[in-house]
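Asks: Sharing a structure, written as structure tokens. Questions coming.
Numbering (our numbering), first residue to last: 635 to 905.
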């Protein structure tokens, strides 16, 4: 009986050793995973902080550009008003205090001054939009500082203007019965400029000409390419190396999730 029991003791001791090794392995694995989680969360916090600084920097630049435009228009209008006022005041003083002969001697100068003042169109309401939006659901361009962690939320000064949106008609030449055809809607803002971001909710209804109730099935897909055909500027940053179309980052990359080296340098000038 003792001999029969001995293997059981050996088996139990061996099992205990295996369990101890398993426990050590589990502890090591948990420590490794814990380290990975902490590293990831730290990277995530760093990426969020970088993204936060980028967004706030864009808001600051938008504020500066808007204020600069307002100041330029104010200075221009004030100068025009001052020039016109001085010309009128001089003319009034001249007519009140001098003779007709003296007035005639200044006539050419006065006419030139009035022509200069009148060459500007009548002042109109300043066309400076206060449009500024935060779009939290739009994926932001990637940067090195984000450690390949996807960030969402962009700043844009554009607002879609439905009446200026256009439909590219090329697909109509390929219309066939019971065949799919692709048409492209170009979304534009109030200035007629193509939007530099996607994420718009576009609703489409296609009806039969003879049957206004019956609708054709449609599927809307967002290209999210921010393209801007036919232009070599317009991104609002005025930087060199513009790719000739709307793009997702200041360094000129046109892919939605491309890395923006310029933005990275702005936030990390020492790198």
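Yeah, the Cβ is synthetic: ideal placement off N, Cα and C, and Gly gets one too.
If we count Cβ pairs, one from each stretch, closer than 8 Å, do we get three or more for the segment 673–685 versus the segment 782–792?
Replies: Yes: the two stretches touch, three or more of their Cβ pairs being nearer than 8 Å.
Asks: Residue 802 lies in the beta strand (DSSP E); which residues open and close that run?
Replies: Unbroken beta strand (DSSP E) run through residue 802: 800–802.
Asks: Taking the alpha-carbon positions, what's the residue 643 to residue 654 distance?
Replies: Cα-Cα distance, rounded: 16 Å.
Asks: If you measure from the CB of residue 666, is any heavy atom of the ligand ZN nearer than 8 Å?
Replies: The ligand ZN is not part of this structure, which contains no ligands at all.
Asks: By a C-beta neighbour count over all protein chains shown, 10 Å radius and 16 as the cutoff for buried, is residue 829 buried or exposed?
Replies: Label assigned to residue 829: buried.
Asks: Please state whether the Cβ-Cβ distance between residue 774 and residue 656 is less than 9 Å.
Replies: No, the Cβ-Cβ distance between residue 774 and residue 656 is not below 9 Å.
Asks: Please state the DSSP three-state secondary structure of residue 815.
Replies: Coil at residue 815, not helix or strand.
Asks: How far does the alpha helix (DSSP H) with residue 954 in it reach, from first residue to last?
Replies: In the structure as shown, the chain begins at 635 and stops at 905. Residue 954 is therefore absent and cannot be evaluated.
Asks: List the endpoints of the continuous beta strand (DSSP E) containing residue 793.
Replies: Premise fails: residue 793 is in no beta strand (DSSP E) and is neither H nor E.
Asks: Can you give me the C-alpha to C-alpha distance between residue 646 and residue 772, rounded to a whole angstrom?
Replies: Computed Cα separation, rounded: 60 Å.
Asks: Since residue 767 is in the beta strand (DSSP E), which residue starts that stretch and which ends it?
Replies: Segment 767–773, the beta strand (DSSP E) holding residue 767.
Asks: Would you mind working out which of 717, 675, 852 sits nearest residue 749, comparing C-alpha positions?
Replies: Among 717, 675, 852, the Cα nearest to that of residue 749 belongs to 717.
Asks: For residue 789, does the count of other Cβ atoms within 10 angstroms reach 16, so buried, or fall short, so exposed?
Replies: Burial call: buried.
Asks: Can you name, in chain order, every residue of its own chain whose Cβ lies under 6 Å from the Cβ of residue 792, other than the five neighbours on each side?
Replies: The residues are 823, 829.
Asks: Hey, out of 777, 794, 651, whose CA is closest to residue 766's CA?
Replies: For residue 766, the nearest C-alpha among the options comes from 794.
Asks: Using a Cβ-Cβ cut-off of 7 Å (strictly less than) and excluding sequence neighbours within five positions of residue 651, which residues of its own chain qualify?
Replies: For residue 651, where only same-chain residues beyond five positions count, there are no Cβ hits under 7 Å.
Asks: By Cβ distance below 6 Å, which residues in the same chain neighbour residue 802 in space, the five residues on each side in sequence not counted?
Replies: Excluding residues within five positions, the ones whose Cβ falls inside 6 Å are 818.
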